[in-house]
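Let me begin by presenting the structure, written as structure tokens, before commenting on it.
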Amino acid sequence: MKKILFVTFLFLTFISYAQQAYYNNVDLTKSDLELKEELATKTIAAHTNILSYGWDALKATDVNPQNSSEVLLIYGYSASGTTARTRGINENGGGSNDWNREHTYAKSLGNPNLGTSGPGADAHHLRPSDVGFNSQRGNYKFVEGSGNAGNTSGGWYPGDEWKGDVARMMMYMYIRYGNQCKPSGVGIGNNANANDDMIDLFLKWNVEDPVSDFERQRNTYHDSNETYAQGNRNPFIDNAYLATRIWGGDAAIDSWGLYVTADDEAPTVPTNIALSNITTTTIDVSWTASTDNEAVTKYEVFVNGNLNGNTSATNYSITNLTPNTAYNITVLAKDIANNQSAQSSAVSGTTLADTVAPSIPTNITITNQAGTSFKVNWAASTDNSGVASYDIFVNDIFNGNSTSTSYTVTDLTISTTYSITLLAKDAANNSSAKSTSVNGATTDGTSDVSELFFSEYIEGSGYNKALEIVNLTSNNIDLSHYTIKRQSGGTWESPLQLVGTILVNDVYVIINSQSTNQDILREQDLAVANVTPMTFNGDDRIGLFKNDVLIDIIGDLDGTDEFALDVTLRRNSDTKGPTTDYNEQRDWSYYAVNTTNDIGNFNGALSVSNNNFLGTFKMYPNPTNGNFVNIETVSDTEVIIYNALGKVVQTTRITSNKNNIDISNLSKGIYFVKLAIDKKLITQKLIRN
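Our numbering applies: residue 11 is where the sequence shown begins, and numbers increase by one.
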């Protein structure tokens, strides 16, 4: 075992010297979609300089190697005119003899539209192009062809000279921006991997048109300290074979010599397959390590002849099995060159029989009451094999089931009380007893709220951004009529189309898909790549539009100040509808950065108009450029001041005899003042100029 580990260490050391140091923290021994995920993680993390939609990056990266006063034009192949290969470096603009910026992944083909920020400004897929030729391409999808670039078969062929460049740019956009930039959305071809959206067209072009020195020039620039360098690389330019290793197809050139080598020796077959820790739904497998002339990089585990997963270790846990069922388990070994052993001898194991029923659901509550519906919520049951689902009964009649701990009962009668019970089931179909009944009542079907509105705004650190919309009307609402836009610099940008239906008294959460906050990720109804509008900062206004008419806004219309930088905003509970008249003090309560515990619910912050304590609360002057702030309340209270990061910076107590606070030690910025009286809390924003 020690010898094998030593050989593996030497092999991995070799890998680290076989390619740029940029990839030292990427596990290049992985393959298939696991390798794709490794490269995506690296590409996103290394993209530290988010460029604006300008010209300078292209003037720096696309210089003609034979003439520094020119840029190379993508799709071009002739000496002059529309199809020219070069143009003067400063002849950029919209004129007929100019070059402009070609989005090789056409903006309108992105889902949502790429716009001119984020993916729309990513220099790895922006290329100089003749204005006329760019217009001819338009938003045509890429199709197979031959010879020079142009329209063909209802699509656009980039030309023999450029098709490899295009393929590798599309691969980059896919791992960088995910489903917003699917290869199947920009090219016409067959699916290359049943579990992914790569198409065979780009894999073919990647092989037929190898990486050029010009592509390497662009890649090297972006992995530098230059002003317009993004910080990340296109891995498929560094090694085109990475695409082959992920998505298959004919082998591209392995420029690192890691995968396509003279090594044709397969590892030995794994031996001593052993099963342990068998439960009703899991089996642990272990084996003796295989040997190889280079090194074993992974093992694949098969259940009843079907691949279940892989690991670089010599043990693996098989999960999600069926109780009281026999399984045949085999293992094979692979090396970096993808040589594989035969499968091991099969070992049989039977999961345990499950005769234990789940616990009875408890803590049943009724929320989101409306004229013809309400929502049932409960605490999760427990089970030795795991709870599979819950059955919900209305007046002892089965109504439906749920795999989560909530369920919306619909098609009810207004102003009527119903008896609600439920039971839990496991995978073996063992059922708990029914729960204690709880009454749920519908309303009279009337509501003084007639429209959707924003209920929460999270502008957290990094990509932790989320928007919540609530439906307090009397009807379920089709979201196809609604969009969200970001206003930056006084201009409304590309809309985000909402999808689905929002039920009565329910919320709809839109998040930045690159968020790392578990609260945000858990509550998402719509995840949007790191593009507008989900790239808002403290000085961007966010608007809710219905049929392209603004109905609700976060931030004053056409404002420019940083009104909500690094904060969470929650709509006060007395809000009865949307408004385009943004009023912080009237409608919103502020919380420190990364406060996410209430996302997915509209319970409301304390309302000034509905709470006696808040109705008598005053803090002034605010904003202030002085050293003192005055707080008036009807009772003595403790005051805690937090900075925008949620750190306590000052605590004090105010009384009827001392109601001013010395804030001379606070620097300019946004703070949050929290007060507590009779177990009630209020948090208000304080701005020190």
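Cβ coordinates follow ideal geometry from the N, Cα and C atoms, glycine included. Quick caveat, the model's predicted, so the values are computed rather than measured.
From the DSSP output, in three-state form, read off residue i for me.
i, result
"E218", "helix"
"Y184", "helix"
"H134", "coil"
"I530", "helix"
"T71", "helix"
"E594", "helix"
"T39", "coil"
"F573", "coil"
"F16", "Caution is warranted here: a pLDDT of 29 is assigned to F16, below 50, making its placement in the model unreliable, and the coordinate value is therefore given only provisionally. The answer is helix: DSSP assigns F16 an H, G or I state."
"M629", "strand"
"D66", "helix"
"H57", "coil"
"W266", "coil"
"N144", "helix"
"V459", "coil"
"R226", "helix"
Please confirm whether residue i and residue j have their CB atoms less than 7 Å apart.
i, j, result
"T418", "S383", "yes"
"A133", "A89", "no"
"W215", "Y85", "no"
"C191", "M183", "yes"
"R580", "P543", "no"
"S399", "P371", "no"
"G569", "F463", "no"
"L477", "I520", "yes"
"G199", "L211", "yes"
"L83", "D140", "yes"
"D401", "I424", "no"
"W388", "T415", "yes"
"E642", "N669", "yes"
"A56", "N242", "yes"
Taking all protein chains shown into account, decide if residue i is buried (16 or more other Cβ within 10 angstroms of its Cβ) or exposed.
i, result
"G500", "exposed"
"F408", "exposed"
"Q528", "exposed"
"Q694", "buried"
"A352", "exposed"
"G125", "buried"
"V618", "Confidence in V618 is poor, its pLDDT being 33 and thus under 50, which makes the residue's placement too unreliable to answer from."
"I25", "Reliability fails at I25, whose pLDDT of 38 lies under 50, so the model's placement of it is uncertain and the value that follows must be treated cautiously. So I25 ends up on the buried side."
"S484", "buried"
"R532", "exposed"
"L38", "buried"
"S127", "buried"
"L567", "exposed"
"V509", "exposed"
"P138", "buried"
"I60", "exposed"
"K678", "exposed"
Who are the Cβ neighbours of residue i in its own chain at under 6 Å, not counting the five residues just before and after it?
i, result
"I293", "L285, I328 and G359"
"S490", "none"
"Q660", "I651"
"Y251", "A262, D264 and Y269"
"Y518", "I479, I512 and D535"
"V279", "S351, A352 and S354"
"R147", "W166"
Under 8 Å by Cβ, that's how I've got residue i and residue j pegged, so tell me the actual separation to the nearest angstrom.
i, j, result
"Y592", "V577", "Their Cβ separation, rounded to whole angstroms, is 14 Å, which puts Y592 and V577 out of contact at 8 Å."
"T290", "S395", "4 Å"
"P368", "D393", "4 Å"
"A434", "V397", "5 Å"
"K344", "T307", "6 Å"
"T647", "I664", "6 Å"
"N334", "L362", "7 Å"
"N440", "T365", "7 Å"
"W502", "G553", "7 Å"
"L676", "M629", "Their Cβ separation, rounded to whole angstroms, is 14 Å, which puts L676 and M629 out of contact at 8 Å."
"V153", "G142", "With a Cβ gap of about 20 Å, V153 and G142 do not count as contacting."
Skipping 5 residues on each side, what residues in its chain have a beta carbon closer than 7 Å to that of residue i?
i, result
"I673", "N637, F638, V639 and R698"
"L20", "Below a pLDDT of 50, predicted positions are generally treated as unreliable, and L20, at 35, falls in that range; the measurement from the model is reported next regardless. Answer for L20: no residue qualifies."
"I247", "R178, V221, E225, R226 and N229"
Can you give me the Cβ contacts of residue i inside the same chain, cut-off strictly under 8 Å, excluding the 5 residues immediately before and after it?
i, result
"T23", "Reliability of the predicted coordinates at T23 is poor, the pLDDT of 36 falling under 50, and no value is obtained from them."
"S412", "S399, Y400 and I402"
"T96", "N74, N77, E80, V81, L82, L83 and G86"
"F312", "N318, I339, T340, V341, L342 and Q353"
"I609", "E466, I468, A476, E478, V519, D529, I530 and E533"
Please tell me whether, using a cut-off of 6 Å, the distance from the CB of residue i to the nearest non-hydrogen atom of the ligand GTP is below it.
i, result
"G258", "Inclusion of the ligand GTP in the displayed structure is not the case, the ligand content being empty and no account of it being possible."
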